[in-house]
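Protein chains: 2
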Amino acid sequence: MPPQSPDPVAIIGASGALGFGLALRLARTGVPVAIGSRDAARAGETAERAAALVPGGSFSGHHNAAAAAAAQTVILSVPFRNQAETLADLREALTPGKLLIDATVPLAAAVAGKATRMLGVWQGSAAQQAQEMAGEGVRVVSALHTVSAASLADLAHPLAQDVLVCGDSRADKREAAALIDRIEGLRCVDCGRLEMARTTEAMTALLISINARYKVHAGVGLTGLPAELWR
Amino acid sequence: MPPQSPDPVAIIGASGALGFGLALRLARTGVPVAIGSRDAARAGETAERAAALVPGGSFSGHHNAAAAAAAQTVILSVPFRNQAETLADLREALTPGKLLIDATVPLAAAVAGKATRMLGVWQGSAAQQAQEMAGEGVRVVSALHTVSAASLADLAHPLAQDVLVCGDSRADKREAAALIDRIEGLRCVDCGRLEMARTTEAMTALLISINARYKVHAGVGLTGLPAELWR
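Taken in sequence, the protein lines are chains V and A. Numbering-wise (our numbering), the first sequence opens with residue 1 and increments by one. Numbering-wise (our numbering), the second sequence opens with residue 232 and increments by one.
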């Protein structure tokens with residue numbers, strides 16, 4: 001028998017830089033990727049572009065809602081200004097039990113402010129807003145904010161950084177981590193409850209500040225952690 | 232001629248865990264340390280305790296204000312609930328031109344909340360509150376929040392982590408970094424303006440959450456940075 005092929009993953013906003021990089025990296029590990037965009041034609045183009053970069057990768061292009069309907073795990077990777085609208089569009093497709101990995105960062109750039117500054121989100125963080133907006137039973141985990149989109153999309157670039165994972169259910173976080181840890185060079189770290197996303201999201205703005213200063217794509221690495229992080 | 236001995240540094244709140252660890256580590260590099268406490272007798276005891284751990288180290292114990300008066304560089308390492316009161320006490324001693332390195336973290340624990348949660352500080356961060364309260368001409372830099380007090384104080388423990396430095400003057404940050412970088416295993420990273428302390432302070436609460444989960448003393452390390460950080 002062939003090894004069981006992994007379940008497909010939907011990436012909402014996969015035409016954007018972070019979503020596209022994630023699509024490439026996940027597909028390289030054998031995960032079929034349903035690419036979502038607000039514009040189905042653009043999703044199709046993105047899927048073609050991804051397939052050219054990852055021969056053998058499985059990509060399909062869809063309108064966001066159709067992409068989310070096609071997978072049990074949905075990664076939300078849209079600009080903050082589109083997060084609420086996108087989640088409203090996904091309400092039917094995000095059925096109870098699905099895993100929603102929110103990677104949204106409420107940068108002040110969303111309202112023409114600086115990318116080194118954050119907006120105050122009433123719920124505390126974009127992840128908590130996602131949890132409020134997603135339907136009952138959708139399992140929300142926050143992750144992937146601090147991973148550089150440019151580094152992800154550059155497949156020749158070896159990754160070596162931590163992914164900060166927040167969520168109220170350890171089982172859900174473990175499931176998200178098992179997916180993300182397929183990508184070589186990424187290591188998921190359990191950062192606690194979903195509310196900790198207030199800080200992990202803000203670390204994106206901090207990295208943008210550091211990147212501007214040093215002209216690099218910095219990543220987060222934590223020291224002093226045990227070898228086994230998801231027992 | 233003997234090599235010039237480094238200038239003394241005052242550590243306000245050096246009887247606390249972080250301040251004490253910093254006192255030990257800095258003294259080991261030859262920096263004379265003026266240990267400040269709200270209670271001069273306690274400062275003297277702390278100086279004796281430090282001298283026993285770092286033979287050859289130069290320690291003196293003072294009331295906070297006298298410690299701050301004795302050095303051009305002052306590290307503020309007090310619980311958030313004491314920050315404003317302490318800065319008011321230091322107003323005379325913190326003369327224009329002095330460098331104030333603020334390591335205060337506004338954990339919700341200050342008001343009997345969780346140590347994984349932050350208080351909202353009106354100015355945006357404890358560092359910005361320090362800047363508002365310190366007299367005109369005091370140069371404020373924010374640093375050292377994410378360094379584990381336990382790891383610092385355990386002199387047998389090799390350090391390997393980054394120190395996130397924020398401030399509005401690059402020259403001031405460079406000066407603070409030159410001091411902190413004397414400690415083997417610490418690497419200072421310029422994180423941008425003082426307002427970025429909103430996030431670097433919050434990362435302490437994030438590390439507390441991670442530490443509780445994994446029973447470790449995690450530290451921050453950034454990846455992808457150039458070798459020379461303070462040109």
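Glycine residues also receive a C-beta, built at the ideal position from the N, C-alpha and C atoms.
Nearest-angstrom Cα separation, counted from residue j out to residue i
i: A361 of chain A; j: D333 of chain A; result: 7 Å
i: A27 of chain V; j: T199 of chain V; result: 29 Å
i: I75 of chain V; j: I35 of chain V; result: 10 Å
i: S291 of chain A; j: E316 of chain A; result: 23 Å
i: T304 of chain A; j: E432 of chain A; result: 21 Å
i: C203 of chain A; j: T335 of chain A; result: The structure shown does not extend to residue 203 of chain A, since chain A is modelled only from 232 to 462, so the question has no answer here.
i: A47 of chain V; j: L206 of chain V; result: 31 Å
i: R231 of chain V; j: G135 of chain V; result: 29 Å
i: A402 of chain A; j: T260 of chain A; result: 22 Å
i: P96 of chain V; j: A40 of chain V; result: 25 Å
i: V33 of chain V; j: A357 of chain A; result: 44 Å
i: A14 of chain V; j: F20 of chain V; result: 5 Å
i: A274 of chain A; j: R213 of chain V; result: 39 Å
i: L325 of chain A; j: R424 of chain A; result: 22 Å
i: L321 of chain A; j: A299 of chain A; result: 7 Å
i: A248 of chain A; j: E195 of chain V; result: 27 Å
i: P8 of chain V; j: A66 of chain V; result: 13 Å
i: L87 of chain V; j: L229 of chain V; result: 31 Å
i: V342 of chain A; j: M349 of chain A; result: 10 Å
i: E175 of chain V; j: R182 of chain V; result: 11 Å
i: T454 of chain A; j: H157 of chain V; result: 13 Å
i: A458 of chain A; j: G452 of chain A; result: 14 Å
i: A384 of chain A; j: W122 of chain V; result: 39 Å
i: R370 of chain A; j: K446 of chain A; result: 37 Å
i: A282 of chain A; j: A197 of chain V; result: 42 Å
i: V262 of chain A; j: G287 of chain A; result: 11 Å
Nearest candidate by alpha-carbon position, reference residue i, set the options
i: T146 of chain V; options: V:G137, V:C166, V:S58, V:V138; result: V:C166
i: V163 of chain V; options: A:D238, A:I441, A:R413; result: A:I441
i: R38 of chain V; options: V:P6, V:V78, V:L225, V:L179; result: V:V78
i: L100 of chain V; options: V:G221, V:G30, V:T223, V:S169; result: V:S169
i: A380 of chain A; options: A:Q392, A:V371, A:G288, A:V342; result: A:Q392
i: V54 of chain V; options: V:G120, V:R25, V:D89; result: V:R25
i: L456 of chain A; options: A:R418, A:V447, A:A254; result: A:R418
i: V420 of chain A; options: A:A374, A:H448, A:A384; result: A:A374
i: L338 of chain A; options: A:Q314, A:L318, A:D238, A:L321; result: A:Q314
i: F80 of chain V; options: V:I12, V:S58, V:A51, V:E45; result: V:I12
i: K464 of chain A; options: A:I439, A:S236, A:V372; result: Any question about residue 464 of chain A goes unanswered here, given that chain A covers just 232 to 462.
i: A340 of chain A; options: A:T435, A:G452, A:L453, A:V451; result: A:T435
i: A23 of chain V; options: V:S151, V:V121, V:W122; result: V:S151
i: K329 of chain A; options: A:G344, A:A302, A:M364, A:T347; result: A:A302
i: A218 of chain V; options: V:G113, V:L159, V:G120; result: V:L159
i: I208 of chain V; options: V:K114, V:V31, V:N64; result: V:K114
i: S58 of chain V; options: V:L179, V:M133, V:P6; result: V:P6
i: M364 of chain A; options: A:N295, A:E323, A:H293, A:A409; result: A:E323
Local conformation of residue i per DSSP, three classes
i: A71 of chain V; result: coil
i: R401 of chain A; result: helix
i: R139 of chain V; result: strand
i: L155 of chain V; result: coil
i: A296 of chain A; result: helix
i: A93 of chain V; result: coil
i: A407 of chain A; result: helix
i: A241 of chain A; result: strand
i: Q123 of chain V; result: coil
In DSSP terms, what residue i is bridged to
i: G219 of chain V; result: A:T454
i: M118 of chain V; result: V:L107
i: D421 of chain A; result: A:V396
i: F290 of chain A; result: A:V264
i: L330 of chain A; result: A:T304, A:R370
Unbroken beta strand (DSSP E) run spanning residue i, endpoints
i: I414 of chain A; result: Note, I414 of chain A: premise wrong, no beta strand (DSSP E); not H, not E.
i: Q83 of chain V; result: Here Q83 of chain V belongs to no beta strand (DSSP E); instead the alpha helix (DSSP H) covers 80 to 89.
i: A365 of chain A; result: Here A365 of chain A belongs to no beta strand (DSSP E), and DSSP marks it neither H nor E.
i: V147 of chain V; result: Note, V147 of chain V: premise wrong, no beta strand (DSSP E); not H, not E.
N-terminal and C-terminal residue of the alpha helix (DSSP H) that residue i is part of
i: A271 of chain A; result: 271 to 284
i: A202 of chain V; result: 197 to 214
i: A254 of chain A; result: 248 to 259
Neighbour list for residue i in chain D, Cβ cutoff strictly below 7 Å
i: S209 of chain V; result: Checking the listed chains, one finds no chain D in this structure; the protein chains it contains are V and A.
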